[in-house]
Amino acid sequence: MESCPWHCFLLQLAMSLVRKAQAAVAHNSMIPSLGNNDLKLLQDLIHAEKSFVASNAKTANELKYTCDALRAWGSNEGDDLEDILPKVALLFEHLSRAENRYNYYVSTMRLHLKSIRSREEKFAEFKARRRALVTKIDGMERKLARMGPENKDLAKVTSSLRELRSDMDVLNNEIAHEYATLGDYKRRAIVEALHLKSSGLMELAEKAIVIAESTRRLADEVPLTPTNPNEERAPYRNEARTNRVLSEAVRQLDQIRFEPHDAPRAVAPTEPSPSSPMPPTPRYDMPEAN
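When the letters of the sequence shown are read in order and numbered with numbering that gives the first Met the number 0, they come out as residues 0 to 289.
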């Protein structure tokens with residue numbers, strides 16, 4: 000009985016993975032049936048951004064291992080490198096976090112692209128309804144053409160055809176309205192998505208500049224005076240300066256933060272917004288599988 004909670008957890012996890020897989024299959028299998036190459040291209044873009052996030056997250060993680068290795072090696076290489084290399088490693092750990100934060104921006108951007116996909120799929124449903132209605136009207140017209148004036152069902156079939164044509168008029172108006180609003184929606188959504196990506200890129204770039212410049216200043220503090228054979232290396236006395244360089248760099252990094260430009264909301268008030276505010280401690284995990 001004690002293992003029941005663990006079994007329940009595994010069952011819920013398996014069901015969650017199955018639902019995500021089903022959603023991904025539904026999106027992928029629907030694309031060919033839509034006959035819309037634009038939607039396939041959009042799906043390719045969504046998957047490409049997802050692959051980028053995964054690759055960049057791996058790069059950020061490998062950068063952390065590089066920092067650990069640099070810090071460990073410097074600990075046995077004299078007072079100068081023992082002081083400077085851990086500070087360089089700390090700066091590059093900031094770069095690793097900056098890369099992960101950029102992943103958050105890109106992941107949030109994907110939500111905007113997926114919202115466009117949802118609207119495209121909704122529009123495809125309108126077109127599918129129209130194709131089905133056209134088939135019904137064609138069948139009803141052929142049936143009516145075969146009827147003579149004395150057929151007892153003539154009035155009923157004529158009335159049914161009139162209703163179908165009325166439904167078609169209504170549906171055509173709905174399609175025209177949805178097509179116009181879809182175009183507007185896509186433009187608002189992509190503007191917000193590009194604002195997100197550009198803001199994240201500017202934040203990453205500015206942090207990278209601070210880290211690069213500070214690393215160069217720290218490297219300049221390594222004494223390069225040649226050491227004569229059988230003599231000890233000159234004493235290292237630059238720790239105060241490297242402390243100031245590191246402190247200033249961390250202060251600048253903490254102040255760098257870009258937010259997307261204010262833009263019209265691409266999402267209707269009744270729909271969940273993909274541009275939720277950046278949390279104080281952003282999550283860098285990847286979005287769902289679809």
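Note that CB positions come from ideal geometry on N, CA and C, so glycine has one too.
Cβ pair residue i, residue j closer than 7 Å
i, j, result
"Ala59", "Glu92", "no"
"Tyr101", "Gly182", "no"
"Leu163", "Lys196", "no"
"Ser114", "Ala188", "yes"
"Asp78", "Thr241", "no"
"Gly73", "Leu80", "yes"
Pick from the options that is closest to residue i, judged by C-alpha positions
i, options, result
"Ile45", "Lys135, Pro85, Val87 and His111", "His111"
"Asp43", "Arg109, Glu247, Ala233 and Gly147", "Arg109"
"Thr65", "Leu143, Leu89, Arg250 and Val52", "Leu89"
"Ser159", "Thr226, Leu69, Leu143 and Lys57", "Leu143"
"Glu48", "Asn75, Ala71, Tyr104 and Ile208", "Tyr104"
"Ala207", "Pro225, Val249, Asn229 and Leu69", "Val249"
"Asn237", "Met146, Leu252, Pro225 and Glu220", "Glu220"
"Thr180", "Thr224, Thr226, Asn229 and Lys121", "Lys121"
Separation of residue j from residue i, as counted between CA atoms
i, j, result
"Val244", "Lys185", "46 Å"
"Glu140", "Leu132", "12 Å"
"Val87", "Leu217", "7 Å"
"Asn55", "Tyr235", "38 Å"
"Pro85", "Tyr178", "58 Å"
"Glu205", "Glu231", "41 Å"
"Gln254", "Val169", "56 Å"
"Val266", "Ala175", "Interpretation of Val266 is limited by its pLDDT of 42, a score under 50 that renders its predicted location unreliable; the figure taken from the coordinates is listed afterwards. Those two C-alpha atoms are separated by around 20 Å."
"Arg96", "Ser50", "19 Å"
"Leu40", "Arg129", "24 Å"
"Met167", "Leu153", "21 Å"
"Lys151", "Glu173", "35 Å"
"Pro222", "Ala53", "40 Å"
"Lys57", "Leu94", "13 Å"
"Leu69", "Ser246", "20 Å"
"Gly138", "Val156", "11 Å"
"Ala233", "Asp67", "27 Å"
"Leu252", "Asn171", "55 Å"
"Ser274", "Met146", "Legend: pLDDT at Ser274 = 35, less than 50; position of this residue unreliable, no value from coordinates given."
"Thr224", "Ala71", "24 Å"
"Arg161", "Pro148", "17 Å"
CB-CB length for residue i against residue j, believed under 8 Å
i, j, result
"Glu202", "Phe257", "4 Å"
"Leu193", "Glu119", "Their Cβ separation, rounded to whole angstroms, is 18 Å, which puts Leu193 and Glu119 out of contact at 8 Å."
Report yes or no: do three or more beta-carbon pairs, one from the stretch 212-229 and one from the stretch 114-126, lie closer than 8 Å? Touching, no.
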